[in-house]
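Right, one structure below, let's go through it.
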Amino acid sequence: MAKPDPEELVRLVEAFPGPSSESLDSDGGEATEAAETARIDNLLDGAYGALTRDWYPELRRRAAAHADGDCLRERVLEHVEAVPSFRLSDGPTPLGERREALAEAAALRDDVREVAEWYGTLRSRLGGDRASLTRGERLLHDFGYALAHVLFLGASSPGAVVRRLRLAYRSVGVRIDETASAGGVEETTFTCPYRNVAAGTCGERWVCHEKLDRVDDGYVTYLAERGIAYQRPRGCRDSEQCQSTVARDGPERWWPKTPPAAVGADP
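Quick note, the sequence shown lines up with residues 196 to 462 if you use my numbering.
In structure tokens, the structure reads:
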């Protein structure tokens, strides 16, 4: 399965199964439906309304800009990963009352389940998983995955991993600007020398984020298999700097990433 081309991405985004922001704000709808929507939003701590009213319209804007060549795929992915969410666990610990709330919300309206399924498809198609890459990108991913076996050999903690990672950054000319450690999360802020390579032909940061980051995706795959979450840069906003984080990966669950059925909350 290849990653979606810009037009296919627009179609995927437009297939959003939830209510539109216009219908949520409309005064002409059925009172029962409005009350149902408000109840679901209350059950999910405002995540349902925030996703529909604010997050989804911005997603549509970025997908359209990507189709016009004005927005990197990484910028779309960055927004997809910033979806409003409803926590269903505290790390590995299930949050029973919140799972019951999700079950009640799913019983009220099918789109609570459908949005989770749609989000899973969207995130999978946009993400750097090997199956979604072109042949050239798969080679870069596999090179990163193979290199990770050497680079991270014996590194089993976020601190050990990030030290090796910063060494790898420096070895290819990346300048480390700032480091921080808090709550088990290791953060690195750096300046990449490749952000403007071929900018006149392909666009700023295209080579860096659309292609070279596939090597980083190989690191992500390798580390995830060993319980380490490496969050590589996502588009770097409009800054000259990029950020990455390394942390212990945990089985945290949240809607819409986690569908109701996955936590026994399907009606």
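Beta carbons are placed, not taken as given, at the ideal position from N, Cα and C, and that holds for glycine. None of these values were measured; they are calculated from a predicted model.
Fully contained in the segment 200 to 280 are the following alpha helix (DSSP H) runs of length 4 or more, in chain order: 201 to 209, 216 to 220, 226 to 238, 242 to 245, 251 to 262 and 268 to 276. The Cβ neighbour count for S280, taken over all protein chains shown within 10 Å, is at least 16; the residue is labelled buried. Within the same chain, and ignoring the five residues on either side of T316 in sequence, no residue has its Cβ closer than 6 Å to its Cβ. A direct Cα-to-Cα measurement between A442 and Y340 gives close to 18 Å. Under the 10 Å beta carbon count, L267 is surrounded by 16 or more other beta carbons and is classified as buried. With respect to the C-alpha of L290, the residue from E447, K452, A456 and P451 having the closest C-alpha is E447.
Secondary structure note for T383: its beta strand (DSSP E) is the uninterrupted segment V380 to T386. E253 and C437 have their C-alpha atoms roughly 22 Å apart. Between the alpha carbons of Y425 and Y243 lies a gap of roughly 28 Å.
No Cβ-Cβ contact shorter than 8 Å links F347 with G413. For V356 against A350, the beta-carbon gap comes to about 5 Å, under 8 Å, which counts as contact. By DSSP's assignment, W449 forms a beta bridge with R282. Nearest neighbour of R421 by Cα position, chosen from I371, G331 and A343, turns out to be A343. Around the beta-carbon of I235, 16 or more other beta-carbon atoms lie within 10 Å, marking it buried. A direct Cα-to-Cα measurement between H261 and P388 gives close to 24 Å. For R359, the enclosing alpha helix (DSSP H) covers residues P353 to S366. Between the alpha carbons of G368 and T440 lies a distance of about 19 Å. Annotated as distal: R427 and L335, with beta-carbon spacing of 8 Å or more.
Bounds of the beta strand (DSSP E) holding D372 are R370 to A377.
Around the CB of D411, 16 or more other CB atoms lie within 10 Å, so the residue is classed as buried. Note on E381: 16 or more other CB atoms within 10 angstroms of its CB, so buried under the neighbour-count rule. Taking C-beta separations shorter than 8 Å and ignoring five residues to either side along the sequence, the partners of T386 in its chain run V369, R370, D372, E435, Q436 and C437, following chain order. V458 counts as buried, since at least 16 other C-beta atoms from the protein chains shown sit within 10 angstroms of its C-beta. Non-local beta-carbon contacts of A258 in its own chain, meaning distances under 7 Å to residues more than five positions away in sequence, involve L204, V205, V208 and V271 in chain order. For G378, the number of other beta carbons within 10 angstroms of its own is below 16, and it is reported as exposed. The beta carbon of W313 is closer than 7 Å to those of A210, F211 and P212 in its chain, skipping five residues each way along the sequence. Only exposed fits T374, as fewer than 16 other CB atoms lie within 10 angstroms of its CB. According to DSSP, S439 shares a beta bridge with T383.
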